[in-house]
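Here's the structure, in structure tokens; my notes come after.
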Amino acid sequence: MTTPPSTDPGRGPNPDRDTNPAPETNPDTAPGPDTTAPYTLGLRLAAACGLLFLLACLVFTGMITLGDAIEGDGSGGVLIAAGFWSLALGAVAGVAALVVPRRALVAAQYCLGAAGPLLALMD
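Going by our numbering, the first residue of the sequence shown is number 5, and it counts up by one from there.
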């Protein structure tokens, strides 16, 4: 559908103006910055602090493992190995969160870090 040519005597027909009307300039409908997007520096800082948290969880899991080895039969169980694997996966998620800051990666990093000592305690 085309619009009729301009009837202004001072201006001739303008095919660009007459067939392509100007876009709306309403400030309410104009696209603006996304205010709900997460701040990437904050996510990267949370991921970096999460790596320190993983280090503390690694030390705590090692203490639990050594305590279990001294008090128990001297060998680690399946849950201790799962705790260390959880910490390793948390470190992978933390490095990935540093590279590509996503909220889900940072949450996974902290959850996997907390799961390490908890799994070792259950053994």
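Glycine included, each C-beta is placed from N, C-alpha and C at the ideal position. Nothing here was measured: the structure is a model prediction, and the numbers come from that model.
Exclusion of the five residues before and after Tyr114 leaves Gly54, Phe57 as the residues of its chain whose Cβ lies within less than 7 Å of its Cβ.
About 11 Å separates the beta carbon of Leu47 from that of Val103, a gap too long to meet the 8 Å contact definition.
With contacts defined as CB atoms closer than 8 Å, Ala97 and Ala112 qualify as a contacting pair.
In this structure, the CA atom of Ile84 is about 8 Å from the CA atom of Leu125. CA-to-CA, the gap between Ala52 and Thr69 works out to about 26 Å. It is roughly 19 Å from the alpha-carbon of Gly117 to the alpha-carbon of Gly81. Residue environment for Ser90: buried (at least 16 other C-beta atoms within 10 angstroms of its C-beta).
In the structure shown, Pro121 falls within a helical segment according to DSSP collapsed to helix, strand and coil. The closest CA to that of Leu45, considering only Gly71, Arg107, Cys61, is found on Arg107.
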